[in-house]
Amino acid sequence: MKAAVYYQNGGPEVLKYEDVPDPECHPKGVVIRVEAVSIEGGDTLNRWHGALLSKPHVVGYQAGGEIVQVGSEVTDLKAGQKVTTVFGAGSHAALRAVPARNAWPVPKGFDIKLAAAIPVPFGTANDCLFEFGHLKPGETVLVQAGASGVGVAAIQLAKRAGATVLATASTNERLERLKPLGLDHGINYKTDDVVKSVMKITHNRGVNLVVDPVGGATLQGSLLSLAYRGRVSMVGAAGREAMTIDVSSLMAGNRSLTGVFLGAEIGTDRAHNMIQRLIDEAARGEFKVVIDRTFPLSEAGAAHAYIESRQAVGRVLLIP
Numbered sequence: 000m001k002a003a004v005y006y007q008n009g010g011p012e013v014l015k016y017e018d019v020p021d022p023e024c025h026p027k028g029v030v031i032r033v034e035a036v037s038i039e040g041g042d043t044l045n046r047w048h049g050a051l052l053s054k055p056h057v058v059g060y061q062a063g064g065e066i067v068q069v070g071s072e073v074t075d076l077k078a079g080q081k082v083t084t085v086f087g088a089g090s091h092a093a094l095r096a097v098p099a100r101n102a103w104p105v106p107k108g109f110d111i112k113l114a115a116a117i118p119v120p121f122g123t124a125n126d127c128l129f130e131f132g133h134l135k136p137g138e139t140v141l142v143q144a145g146a147s148g149v150g151v152a153a154i155q156l157a158k159r160a161g162a163t164v165l166a167t168a169s170t171n172e173r174l175e176r177l178k179p180l181g182l183d184h185g186i187n188y189k190t191d192d193v194v195k196s197v198m199k200i201t202h203n204r205g206v207n208l209v210v211d212p213v214g215g216a217t218l219q220g221s222l223l224s225l226a227y228r229g230r231v232s233m234v235g236a237a238g239r240e241a242m243t244i245d246v247s248s249l250m251a252g253n254r255s256l257t258g259v260f261l262g263a264e265i266g267t268d269r270a271h272n273m274i275q276r277l278i279d280e281a282a283r284g285e286f287k288v289v290i291d292r293t294f295p296l297s298e299a300g301a302a303h304a305y306i307e308s309r310q311a312v313g314r315v316l317l318i319p
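Using numbering that gives the first Met the number 0, the first residue of the sequence shown is number 0, and each one after it goes up by one.
This is the structure we're talking about:
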């Protein structure tokens with residue numbers, strides 16, 4: 000099969016388009032013919048400095064497609080069924096093998112390209128807001144990196160839950176594109192001080208909850224944007240900077256910082272059922288899956304470079 004692979008960590012230029020052996024189907028797994036790869040933030044981070052589980056290495060968490068082979072012990076999935084999948088590696092390929100537990104059926108008629116972009120970003124956003132963020136109707140949420148996959152999901156889910164939504168992005172144009180999704184107040188972090196802007200918008204009260212997939216220096220700003228008893232759901236290190244924060248800023252306001260990692264619970268019934276619910280809701284049109292651009296799988300390096308240029312709003316897909 001064809002795959003986007005690399006032999007060493009580095010920038011997008013390390014990705015090569017080559018023939019590699021087809022994956023084998025585990026008795027408790029399935030093999031899918033990949034129709035769309037959703038490039039996740041973790042994919043670019045793993046390409047940069049993650050472990051190479053094999054050489055050549057096929058990176059990638061998330062992809063959707065049609066089941067072409069079913070393991071002998073699998074009873075709830077069948078060949079020909081459309082699914083979206085999540086696993087530790089292997090998405091950037093024409094075929095991928097995953098445990099059956101890591102495949103979610105896609106309702107008939109729902110575009111597989113949209114379904115492919117749901118589990119990680121929307122599941123993560125849901126956990127940041129509700130499972131760990133304890134968001135309530137009427138509260139105020141700040142979404143850092145609002146144009147990211149998690150950001151686009153968090154804006155919509157927070158607005159649907161009755162929150163007032165603030166978000167940051169690198170350009171005014173990207174912020175404008177977020178308004179139809181439920182953004183109430185946009186902050187251009189390139190031109191404006193985020194904390195001062197938050198305080199101005201909230202009349203010096205601060206926000207009840209911050210969803211922060213950036214980390215680094217941004218995380219301290221998230222803490223300083225909190226209201227009394229405010230919470231931060233920290234869910235990534237997209238900024239690729241050291242996370243040096245002053246935790247004393249939490250104490251005076253009885254604030255809290257929680258790390259969120261969907262992968263730690265993705266095998267649980269709770270997370271599995273939550274992701275299936277989100278897929279079904281998207282299929283019914285209850286929220287929008289935003290696809291910014293698609294690239295051929297053969298141009299994976301260009302797709303990774305485009306993501307890292309911070310121009311995208313929503314997800315970037317690879318199409319084998």
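For every residue, glycine included, the Cβ atom is placed at its ideal position computed from N, Cα and C.
Taking C-alpha positions only, V315 is separated from I306 by approximately 7 angstroms. The alpha-carbon of I274 is positioned some 8 angstroms away from that of W103.
Considering only A281, A35, L76 and K1, the residue with the shortest C-alpha distance to Q61 is A35.
In this structure A251 is not in contact with G215, their Cβ atoms being roughly 23 angstroms apart against a cut-off of 8 angstroms.
About 5 angstroms separates the beta carbons of D183 and V164, which is inside the 8 angstroms limit, making them a contact pair. By alpha-carbon distance to L249, the top candidate from S221, D268, R276 and G262 is S221.
Separation of V105 and D279 (C-alpha to C-alpha, rounded to the nearest whole angstrom) is 8 angstroms. For the alpha helix (DSSP H) assignment, the uninterrupted runs of no fewer than 4 residues enclosed by the region 206–253 are, from N- to C-terminal side, 215–223 and 247–250.
Only residues of its own chain outside the window of five on either side were considered, and among them P106 and F109 have a CB closer than 7 angstroms to the CB of A282, listed in chain order.
I244 is a Cβ neighbour of L218, given a cutoff of 7 angstroms. Contact between the region 121–131 and the region 191–203 is absent: fewer than three C-beta pairs spanning the two stretches fall below 8 angstroms. Distance from the CA of G145 to the CA of Q7, rounded to the nearest whole angstrom, comes to 31 angstroms.
Rounded to the nearest angstrom, the gap between the Cα atoms of V30 and A299 is 21 angstroms. Nearest Cα to M0 within the set A78, R32 and I117: R32. Per DSSP, the beta bridge partners of W103 are T83. By the CB criterion at 7 angstroms, A116 and L296 fall outside the cutoff.
Assigned with DSSP and collapsed to three states, Y16 falls in strand. Around G205, the same chain offers V197, M198, S224, L225, A226 and G229 as residues with beta carbons nearer than 7 angstroms, after the five sequence neighbours per side are excluded.
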